[in-house]
Amino acid sequence: VEEHNGHIFKSTQYSIPTYCEYCSSLIWMMDRACVCKLCRYACHRKCCSKMTTKCSKKVRFNQIFVLFRDAASLICSVLAAIFVLCVLLLKYDPELSSRQFGVELSRLTSEERAVPQLVEKLINYIEMHGLYTEGIYRKSGSTNKIKELRQGLDTDVSSVILDDYNIHVIASVLKQWLRDLPSPLMTFELYEEFLRAMGMLFISVFPA
Numbered sequence: 001v002e003e004h005n006g007h008i009f010k011s012t013q014y015s016i017p018t019y020c021e022y023c024s025s026l027i028w029m030m031d032r033a034c035v036c037k038l039c040r041y042a043c044h045r046k047c048c049s050k051m052t053t054k055c056s057k058k059v060r061f062n063q064i065f066v067l068f069r070d071a072a073s074l075i076c077s078v079l080a081a082i083f084v085l086c087v088l089l090l091k092y093d094p095e096l097s098s099r100q101f102g103v104e105l106s107r108l109t110s111e112e113r114a115v116p117q118l119v120e121k122l123i124n125y126i127e128m129h130g131l132y133t134e135g136i137y138r139k140s141g142s143t144n145k146i147k148e149l150r151q152g153l154d155t156d157v158s159s160v161i162l163d164d165y166n167i168h169v170i171a172s173v174l175k176q177w178l179r180d181l182p183s184p185l186m187t188f189e190l191y192e193e194f195l196r197a198m199g200m201l202f203i204s205v206f207p208a
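Note that full-length UniProt numbering has the sequence shown beginning at 1, numbered continuously upward.
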């Protein structure tokens, strides 16, 4: 097997006279000949290294390979761009960014705001209007009103007017917010420490 100009020649002998595609003379049955395994280009053994014509199948194969390579590169670039766009949309989706319930506490706080705006708003209102209300944090408000207030806070905390709601509704929504936290305020990691601290407090208040 010999390669030249993209051709892959192998030695052969023809059973019938065949024209050499390089010198245009006949290749007789006893002559040593070569034929390209790809494009079937036939020539004398001595003409094999002289021919200048490139293998048509090899050229076509290379063109197809380059085409597929470029197409694959383009597809990868498009997919990468779509992925980045999806991440950005997810990150900056107004609906997701305003959501208050069922999200990590770290999303609702920052260096400038140590307490989530929703918590601050609800607790301040309860302290001003509900501390002396019988059953505060124990009695539940209207289910429909709780759902309405929760949806309003999830849409825009600052625009919600709490005067439109009963104090028990407001307290119930605050309890729901605490209940929906993915990680509780008394974290799982420090749960045993909280229990130990409560035990020490109990002993100090009620000594044996």
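All C-beta atoms in this analysis are idealised placements derived from N, C-alpha and C, irrespective of residue type, glycine included.
Pairing glutamate 2 with cysteine 34 gives a Cβ-Cβ distance under 9 angstroms.
The alpha-carbon of cysteine 76 is positioned some 28 angstroms away from that of lysine 57.
At a Cβ-Cβ threshold of 9 angstroms, valine 78 and lysine 121 do not count as neighbours. Between threonine 109 and alanine 71, the alpha-carbon positions lie close to 45 angstroms from each other.
In the DSSP assignment, valine 169 falls outside any beta strand (DSSP E) and within the unbroken alpha helix (DSSP H) covering 167 to 179. In the structure shown, isoleucine 8 adopts extended strand secondary structure according to DSSP, grouped into three states. Between the C-alpha atoms of glycine 141 and serine 172 there is a straight-line separation of about 6 angstroms. Out of Lys175, Gln13 and Pro184, the CA that lies nearest to the CA of isoleucine 136 is found in Lys175.
The C-beta distance from leucine 181 to leucine 153 rounds to 14 angstroms, too long to meet the 8 angstroms contact threshold. Of the other Cβ atoms in all chains shown, fewer than 16 fall within 10 Å of the Cβ of phenylalanine 83; this residue is therefore exposed. Across the structure, asparagine 5 and tyrosine 19 are spaced so that their CA atoms are roughly 20 angstroms apart. Going by beta carbons, proline 17 and isoleucine 8 fall outside the 9 angstroms limit.
Under DSSP, threonine 18 shares a beta bridge with Ile27. For the options Met29, Met128 and Asp164, the alpha carbon positioned closest to that of lysine 145 is the one of Asp164. Annotation for valine 119: no beta strand (DSSP E) segment contains it, though the alpha helix (DSSP H) segment containing it runs 117 to 129. Comparing alpha-carbon positions, the option among Trp177, Leu195, Cys23 and Cys55 lying closest to glycine 102 turns out to be Trp177.
Remark: C-beta atoms of leucine 105 and serine 183 approach each other more closely than 9 angstroms.
Collapsing the DSSP output to three states places glutamate 112 in coil.
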